[in-house]
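What follows is one structure encoded as structure tokens, with my remarks underneath.
2 protein chains.
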Amino acid sequence: MTYSERVRHLLASSHASEGDTVRLKAGGKEHSGILMPHHEFSHPDVIVIKLKSGYNIGVMVDDSFELKVEVKAQERSPKPKAPSKGSDLPIISFLGTGGTIASYVDYRTGAVHPALKAEELVATVPELTEICKMRSKVVFSIFSENMDVAHWQELAGAVAEELNSGVEGVIIPHGTDTLGFTSAALSFMLGEVPRPVVLVGAQRSSDRPSSDSYGNLLSAARFCVNANAAGIFVLMHGETSDTCAHVHRGTKVRKMHASRRDAFRSMNAVPAAILDLNGGLEMTAQCHPKNDVKVQVDTRMEPNVGLLHFYPGLSAEAVSRFAEGLRGLVIAGTGLGHVSKDLVKGLKILTSQGMTVVMTTQCLEGRVNLNVYDTGRDLLSAGVISGEDMLPETALVKLMWVLGRTDDKDKVRELMLTNLRGEFSERREL
Amino acid sequence: MTYSERVRHLLASSHASEGDTVRLKAGGKEHSGILMPHHEFSHPDVIVIKLKSGYNIGVMVDDSFELKVEVKAQERSPKPKAPSKGSDLPIISFLGTGGTIASYVDYRTGAVHPALKAEELVATVPELTEICKMRSKVVFSIFSENMDVAHWQELAGAVAEELNSGVEGVIIPHGTDTLGFTSAALSFMLGEVPRPVVLVGAQRSSDRPSSDSYGNLLSAARFCVNANAAGIFVLMHGETSDTCAHVHRGTKVRKMHASRRDAFRSMNAVPAAILDLNGGLEMTAQCHPKNDVKVQVDTRMEPNVGLLHFYPGLSAEAVSRFAEGLRGLVIAGTGLGHVSKDLVKGLKILTSQGMTVVMTTQCLEGRVNLNVYDTGRDLLSAGVISGEDMLPETALVKLMWVLGRTDDKDKVRELMLTNLRGEFSERREL
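Taken in order, these protein sequences are the chains called L and B. Residue numbers for the first sequence follow this note's numbering, so the first one is 1338 and each next one is one higher. Residue numbers for the second sequence follow this note's numbering, so the first one is 1338 and each next one is one higher.
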């Protein structure tokens, strides 16, 4: 979609172009900001401006609408370089990986580019320079649905290097699609870390009304500096409105909405922290404090591990074909961790052939319990390992990691049933 | 676990046995009810009694605890048969299928049996006789993880028969594990129905403290009689506390917790109705009113349809092996409905071989949109059909149903993109 005839006429008659600083009057309110390019998903009658705060708003053009150009883009001086605020500010490393958050808006022209340099990315959030000194590196730049085990390994190595160089935190802008998988992978590969590693994404790119890119990056930097927390975290919008960001533990987080900004949720866990967008920080769960440990990164992974969700009619034969060449298989069963009788038999054959099979629940919340019903007890007899209250995705990543370091069956079982990175919640007494 | 020494001693010295009516004093409160058998998952110091309301409570035995037998089980007269309240009460059919809700407690002995006759099941909820005349049939009695397409077909036939005989509603006690699959299958197979068909489950069997069996059955009957609503619904507890039940549309509901009583949620939709457990009814969404249509059941299904959830590292080869012999495949992609580049190519090969591929989102909430990013556009070019905001499970069942009646590619696409049974929510303008 493009602008409507009405908006095109208005912009032409006001001599307003993308990148100009404009003043709008609409519905009794006044706004001043930089005129953004029209976004293909915006309403044809909506004009988007970037406010001084960096936050974008969309304004509907109606009969009461007025627009005046205050500064033409070409007359405005280029954005000054990030001022050096002295050596007292802590250093944060930004490791770029791609995704929606990595879209970079040129303040002068208003045009949108993929951010190839992390400097460009952080340049969209000038307040960062008041919080930290920035160091940046683009590890790769891809849509996150194209990430695989090799990308996780490369990223883990880069994070370890930054942490061991003594930075106050590492922020990883990342596509949201597989953000939870990557945060789980980093959690297992990095082990104990001295400082926060915060993966951060955006559900709406920085040229769109209500982009969450700005707020999430700023909150991530505040969390790194102000929270006494070491670990792997995911930070995303916490509510539909622009009130707060939630910090989730890397092994307990899942994308639970295709498009909403508050899509990410801690599953079977409370968020680790809540940051209001004005800078306030509330720690909502106990975190490992910052410390001086040297990171011992261990990126060994067995990529030949699969994940299947059970459904009525899923045959043992289909599962067996799928599992060909795999060393491990995670099942997301129904309810407490169930599959059909037919499939219990099929899984027993797989385990007898040496495959590790782990049961999780497709309910996503709650805990696998293979001791309540006959089906569960039959699964235990078939050699299936309980995934406790791990997310299916986290169980997949953990099993890759565990099989990457041992093929001793007892050791695999022991590691899968041990809480290594906060991937289990405390078991409550029934 | 069994009772503790303390409780065993107390019961022996009071001459109390299972099935006796007892009066308890504990923590300053008094309760009277039938002593239930000890449940293996109950705390060793907890005694469970069934109150007169039919609701079970567990009471911890402590130093202040007192217990007195009021009526011995053998002295109590057998439970009178359901009184015939005259012909003015509407008829509800109960079609048994098995599951946790189908556990039946003998009021006199307190012993727990699987309910083989639906009369036994409804006998646990005497209030039902004040709401309706009951007709009952056990269609089968299995754990719902063992249901498959053939069970859905048999059940749909049985429901159609009952509806066409003129009953006021059909209630289907069902295991919770695959309740949402069955409700979707019945929705497609039955088409337009004249009265409500309510699938109802229980997360805790009727011998356990806080069983939801009683409340859910009673609410289902109240809904059938008091709501002017025709359609396929799922009724389950609405909150953690015993305040209300939620009625969900059969195509929009999913089990979202392994064990909680309020595990079921309407996804991308509001519940159709809320019933408070005292009998109040609030319709929260528009429902098709009761009518006089004759049900034209159509149980044709293509069972060779699969469902796969995408994850980093899922190879096109594994998908292709899994899809061998299938006519349709539903993918639960990431975010707006994405998979890796490698898999886009793999899916293109499958569609070129004649397979129908439908994309849903593993976020579960929100809507697939294949027009936002390159990955989505590539999927459309590969012939993949958008599942809109359908649940992956509902898309699977729908695709089975659609492929059961046509192999015309255009017709399949058209049907998949048409809202047939409320499986899509209204698309909102972006």
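Glycine included, every Cβ here is placed at the ideal spot set by N, Cα and C.
Within the segment 1664 to 1676 of chain L, those residues whose Cβ lies closer than 7 Å to any Cβ of chain B are, in chain order, Thr1671, Gly1672, Leu1673, His1675, Val1676. Contact check for Ala1606/L against Cys1624/L fails: the beta carbons are separated by 8 Å or more. Ala1564/B is positioned such that its CB atom lies no closer than 8 Å to that of Leu1465/B. Taking one beta carbon from each stretch, the segment 1520 to 1537 of chain B and the segment 1491 to 1500 of chain B have 3 or more pairs nearer than 8 Å; the two touch. Pro1381/B sits in coil when the DSSP states are folded into three classes, being neither helix nor strand. When 9 Å is used as the limit between beta carbons, Thr1513/L is near these residues of chain B: Thr1671, Gly1672, in chain order. CA-to-CA, the gap between Glu1482/L and Ser1652/B works out to about 13 Å. Sequence-ordered contacts of the segment 1533 to 1552 of chain L with chain B are nonexistent [C-beta pairs closer than 8 Å]. Judged by their CB atoms, Gly1568/L and Pro1531/L are not nearer to each other than the 8 Å cut-off.
Here the alpha carbons of Arg1541/B and Val1590/L stand approximately 28 Å from one another. For Pro1381/B, no Cβ of chain L is located within less than 8 Å of the residue's own Cβ.
When only Cα atoms are considered, Glu1763/L and Arg1345/L end up about 59 Å apart.
Within chain L, no residue has its CB atom less than 7 Å from the CB of Asn1615/B, the nearest being about 28 Å off.
For secondary structure counted as the alpha helix (DSSP H) over 4 or more consecutive residues, the segment 1469 to 1526 of chain B holds these complete runs in sequence order: 1486 to 1501. Non-local beta-carbon contacts of Thr1697/B in its own chain, meaning distances under 8 Å to residues more than five positions away in sequence, involve Val1667, Ile1668, Ala1669, Gly1670, Gly1674, Val1705, Gly1724, Met1727, Leu1728, Pro1729, Ala1732 in chain order. Rounded to the nearest whole angstrom, the CA to CA distance from Asn1628/B to Ser1502/B is 14 Å. Taken in chain order, the complete alpha helix (DSSP H) segments of 4 residues or longer contained in the segment 1656 to 1700 of chain L are 1678 to 1689.
Interface flag for Cys1700/B against chain L is set, since a Cβ pair is found closer than 8 Å.
In the DSSP annotation of this structure, the continuous segment of the beta strand (DSSP E) that includes Met1620/B starts and ends at 1618 to 1620.
Just measuring C-alpha positions, the residue of Lys1685/L, Glu1412/L, Glu1505/L sitting nearest Asp1425/L is Glu1505/L.
Comparing alpha-carbon positions, the option among Ala1655/B, Gly1672/B, Met1737/B lying closest to Thr1513/L turns out to be Gly1672/B.
At a cut-off of 8 Å between C-beta atoms, Pro1649/L counts as an interface residue with respect to chain B.
In chain order, Arg1664, Met1737, Leu1740, Gly1741 place their CB closer than 6 Å to the CB of Glu1639/B, counting only its own chain and leaving out the 5 sequence neighbours on each side. Of Ser1689/L, Ala1497/L, Cys1700/L, Gly1703/L, the smallest CA-CA separation from Leu1716/L is found for Ser1689/L. Thr1712/L reaches chain B at Phe1480, Glu1482, counting residues in chain order whose Cβ is nearer than 7 Å. For Glu1407/L, same chain residues with a beta-carbon under 7 Å away, outside a window of 5 residues either side, are Thr1358, Val1359, Arg1360, Ser1369 in chain order. Taking each of Ala1497/L, Ala1582/L, Thr1580/L, Thr1515/L in turn and checking the Cα distance to Asp1635/L, the smallest one comes out for Ala1497/L. Counting along the chain, Val1734/L sits inside no beta strand (DSSP E); it lies in the alpha helix (DSSP H) bounded by residues 1729 to 1740. According to the DSSP assignment, Val1632/B belongs to no alpha helix (DSSP H), since it is labelled neither H nor E. Across the segment 1598 to 1610 of chain L, CB contacts with chain B closer than 8 Å involve Ala1600, in sequence order along the chain. The DSSP-derived three-state label of Asp1613/L is strand.
An exposed status is given to Asp1745/L, since fewer than 16 other beta-carbon atoms sit within 10 Å of its beta-carbon.
Contact note: Lys1678/L reaches chain B through Asn1483, using a C-beta cutoff of 7 Å and chain order. Taking a C-beta cut-off of 7 Å against chain L, the contacting residues of the segment 1586 to 1598 of chain B are Lys1592, Met1593, His1594, Ala1595, Ser1596, Arg1597, listed in chain order. With 16 or more other Cβ atoms from the protein chains shown falling within 10 Å of its own Cβ, Leu1572/L counts as buried. Trp1489/B is positioned such that its CB atom lies closer than 8 Å to that of Thr1519/B.
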